[in-house]
Amino acid sequence: MKRTSLIVVIALVLLSSCLSPTETPPSTPATVITPVTESTAVPPQQPTTVITPVVGSTDAPPRPPTTVGTPTTSEEQPNEDEIALLDAVNRLPRDQVELARQLGACRPAPAECPYVARTEPLTVQVGERRSFFVTDFSDDTQYEITAELRYAGPIVLMYVEEGVPYNQAALERAARTFENEIYPRTREIFGSEVQPGVDGDNRITILNAVERSRQILGYYSSSDSLPRQVNRYSNEREMFFMNIELMPFDSDTYLDVLAHEFQHMIHQNEQPGSALWLNEGMSQLAEDLNGFQSEGFIPVYLRNTDLQLTGWGFAPGQSGAHYGAAHLFMRYIYAQYAGEEQLRPLIRANAGNNLEAFVALAAPIRPDITHFRQLMADWAVANLINDPRVADGRYTYDTGTELSNLLPAKVRPTSIDNRYSDDIVQFGVDYLALPRNTRTVTFRGDQTVRIAGQMPRGRYAWWSNRSDDSVATLTRSVDLRGVNTATLTFDTWFEIEDDYDYAFVTVSTDGGQTWETLPGRWTTDYDPQGVNYGHGLTGVSGRPEANVEDGLRGRWVTEQMDLTPFAGQEILLRFWSINDQGVHAPGILIDNIAIPEIGFRDDVEAGAGDWEAAGFVRIDGDLPQLWELRLVRTAADGQMSVDVLETDADGVATATLNPGERGVLVVIAVTPHTSERARYEVISE
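Here the working numbering = 1-based position in the sequence shown + 7.
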């Protein structure tokens with residue numbers, strides 16, 4: 008199951024961009040996200056690459072990952088320059104109107120495809136009825152309901168689904184609380200929603216209805232801010248959906264969810280390409296700063312910190328922990344560095360994708376922090392000790408801010424034996440309590456990690472890169488004037504969020520003004536969200552019945568597409584990768600591109616050639632595995648200290664403990680641009 012909005016959910020629903028955990032919540036719900044929609048989920052009960060900017064073919068098998076701690080040859084060994092090169096390659100912003108003009112429903116008449124549905128404010132009257140599209144999160148489909156306008160204020164329009172019982176006085180109180188308290192407070196801290204927006208009106212529509220799956224508390228979907236010519240399921244309003252069946256108007260939960268979803272709406276205007284994890288962390292901080300502070304999903308994360316802070320997992324049951332991680336990290340940033348004043352600048356700096364924006368925020372206070380991974384390690388230690396007396400006070404949430412009790416409980420380390428091995432996700436954390444009487448501890452970790460789930464078929468392949476709400480393209484001209492038939496073949500591996508994100512292969516005969524998607528063996532025309540522009544690749548390569556969240560990995564497959572309709576012409580050939588606003592998977596690899604009829608063959612080994620890459624990058628398949636290690640020492644008298652351990656060229660680090668000292672080794676894998684796991688071993692003597 009997937010997602011399509013920034014959502015506040017009540018069950019563990021994995022929404023493409025927004026997820027929702029399915030556990031019993033504590034007093035206040037947290038929020039869950041879906042790609043272009045945002046929703047809020049109720050939290051569970053708490054227990055007390057070589058890159059060069061393309062000709063040939065090779066059948067060389069994929070290279071296996073290296074063994075833990077085993078050095079690779081200098082020819083094979085990637086270096087940090089590869090990471091820097093990837094850092095410098097940005098995917099393009101996803102302009103859905105422009106995509107509709109080039110690829111979608113507006114292609115026949117692009118000039119008639121507007122950015123807004125109307126330019127004058129809405130003329131509405133209490134008592135009027137209109138239809139709305141609503142997402143059924145049990146199967147990620149859309150259905151229509153009719154709702155009646157029950158309140159029209161200066162800031163919000165409150166609609167209620169026909170036939171749903173409610174209290175009018177409580178509705179009006181909730182509307183005025185939002186208008187007078189939550190709306191100005193959230194805008195003051197995070198910025199402004201788009202005004203006037205797609206409907207020509209500054210007011211926000213709030214649709215109060217019953218969601219069929221009974222899993223969602225509320226959601227915000229940026230698709231509703233599009234004209235219907237662009238997305239046929241758009242409600243053409245800046246709006247939220249609120250599940251009135253699960254939240255009465257007079258409950259704190261109702262107002263809490265409004266604060267959460269309103270931050271998402273603001274975030275979409277301030278930084279449309281923001282990473283999901285940052286967006287969710289900001290929305291949960293919005294709950295705190297509006298007076299609805301609760302533990303939310305934080306205890307879920309603290310029970311399993313081997314979770315990628317900078318990503319969002321697909322596995323069922325993971326969404327709650329992701330909410331907890333994002334929430335806790337933003338609480339730490341708020342307490343140590345940002346306060347209220349620096350949250351909006353972080354959003355505008357696209358900090359979720361540009362991690363060094365956090366470094367720029369911290370540097371004036373702690374100039375020793377030069378990489379995001381160091382800042383994350385400080386946060387990880389704070390979750391273990393939360394003590395302002397250790398070092399310079401960086402390992403705590405207790406900094407005297409307006410919000411208190413930001414860390415509801417400390418993380419519990421795992422006790423290990425003298426020899427311990429494990430694997431860990433990037434930007435996840437393992438806390439290892441060393442055996443008593445340990446005098447020397449040795450860490451040995453992987454030196455490389457794959458960028459995606461497979462290596463190139465030869466040495467190099469094109470990779471789509473990855474980020475939310477973004478587009479990557481790979482384009483070249485092809486001369487078919489000398490042939491009557493033509494066929495495109497290429498090898499591909501992909502893991503793409505099902506039904507929300509797609510890759511396309513397209514042809515343009517008008518110089519790139521418009522593009523026609525090509526059908527192939529592995530493409531689909533199924534379009535439940537209105538974002539498949541014809542024939543798209545989505546899901547897991549070689550496994551057409553599998554979803555990304557099933558955990559099955561993609562296989563290399565050979566795709567074939569007919570170019571005969573374009574024979575006798577010069578054309579542009581383009582590969583696309585288009586991700587929506589929410590969760591994204593590793594993306595697509597492309598190798599061994601060929602059009603046999605014209606003698607064209609490109610195994611991606613010789614360079615970029617005539618390909619023009621925007622967001623796509625030519626990679627050799629792996630990156631250096633980076634580690635952040637912290638040894639937290641506790642002396643016999645209870646005094647604590649924190650040592651930074653650095654790995655050598657072989658991925659090894661060693662430390663000596665003093666007699667009577669106890670140690671906890673904090674292990675963090677910190678290679679960006681990948682969500683593949685890394686292995687390590689710890690030896691205590």
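Every residue, glycine too, gets a C-beta built ideally from N, C-alpha and C. Note that the structure is a prediction, hence the values are computed from the model and not measured.
Is residue i buried or exposed, if buried means 16 or more other CB atoms sit within 10 Å of its CB?
i	result
R426	exposed
Y507	buried
V133	exposed
I152	buried
P603	exposed
N390	buried
I17	For I17, the predicted structure reports a pLDDT of 41, less than 50, and the residue's modelled location is therefore unreliable. A value from the coordinates is still provided. Buried, by the Cβ-count rule.
D610	buried
Y533	exposed
S428	exposed
T571	exposed
G407	exposed
Can you tell me the Cα-Cα spacing of residue i and residue j, whole angstroms?
i	j	result
A107	C113	5 Å
R401	F497	51 Å
P54	F304	For P54, the pLDDT reaches just 32, beneath the cut-off of 50, and the residue's location in the model is therefore unreliable, although a value from the coordinates is still provided. Going from the Cα of P54 to the Cα of F304 covers about 11 Å.
F247	L439	43 Å
G76	L309	Any reading at G76 needs caution, since the residue's pLDDT is 43, under 50, leaving its predicted position unreliable; the model's value is listed next. The straight-line gap from Cα to Cα measures roughly 29 Å.
G359	Q278	10 Å
T65	G465	With a pLDDT of 31 at T65, under the threshold of 50, the modelled position of this residue cannot be trusted; read the value that follows with caution. Using only the alpha carbons, I get a separation of about 6 Å.
A398	P679	28 Å
S138	E218	15 Å
I189	N215	18 Å
E668	D394	18 Å
E168	E155	6 Å
F197	L265	14 Å
L92	T260	45 Å
V673	L559	30 Å
L525	G111	13 Å
V163	R244	11 Å
I595	R562	11 Å
A333	E200	22 Å
V57	G614	Here V57 scores only 36 on pLDDT, less than 50, and its place in the model is too uncertain to base an answer on.
G541	T531	8 Å
E612	F582	18 Å
By the three-class DSSP mapping on this structure, what secondary structure does residue i have?
i	result
M383	helix
A662	strand
I600	strand
P69	Confidence at P69 is low in this model, with a pLDDT of 36, below 50, so its placement is unreliable and the value that follows should be read with caution. In this structure, P69 counts as coil in the three-state DSSP scheme.
W563	coil
A493	coil
D486	strand
L292	helix
L676	The residue you asked about is not Leu; residue 676 is Ala in the sequence shown. If DSSP states are grouped into helix, strand and coil, A676 belongs with the strands.
S258	coil
E252	coil
R108	helix
E179	helix
Q103	helix
V205	coil
T35	Model confidence at T35 stands at a pLDDT of 33, short of 50, so the residue's coordinates are unreliable; what they give is reported in the following sentence. Of the three classes helix, strand and coil, the one that applies to T35 here is coil, per DSSP.
Going by the DSSP bridge assignment, what does residue i pair with across the sheet?
i	result
I213	M165 and F247
G594	E502
V538	Paired residue(s): none; V538 is not in a bridge.
N242	Answer by DSSP bridge pairing: none, since N242 is not bridged.
E688	S428 and R451
E619	T482
V131	According to DSSP, which records beta bridges pairwise, V131 is partnered with nothing at all.
Y509	I585
R457	D629
F140	E151
G170	Answer is none; G170 lacks a bridge partner.
V514	E523 and L580
T421	L439
Nearer than 7 Å: is that true of the beta carbon of residue i relative to any heavy atom of the ligand NAD?
i	result
L110	The ligand NAD is not part of this structure, which contains no ligands at all.
The region 345-353 in contact with the region 644-651 per 3-pair CB rule at 8 Å: Fewer than three beta-carbon pairs drawn from the region 345-353 and the region 644-651 are found closer than 8 Å, and the two stretches are therefore not classed as touching.
If we count Cβ pairs, one from each stretch, closer than 8 Å, do we get three or more for the region 483-495 versus the region 654-668? Short answer: they don't touch.
Does the count of Cβ pairs from the region 235-245 and the region 540-553 closer than 8 Å reach three? Too few Cβ pairs lie closer than 8 Å, so no.
Sufficient close CB pairs (3 or more, under 8 Å) joining the region 471-480 to the region 270-290: By the Cβ rule, the region 471-480 counts as touching the region 270-290, because three or more pairs are nearer than 8 Å.
If we count Cβ pairs, one from each stretch, closer than 8 Å, do we get three or more for the region 562-578 versus the region 331-344? The region 562-578 is not in contact with the region 331-344.
Should the region 632-639 be called in touch with the region 449-469, which here means at least 3 C-beta pairs below 8 Å? Here the region 632-639 lies against the region 449-469, with 3 or more beta-carbon pairs under 8 Å apart.
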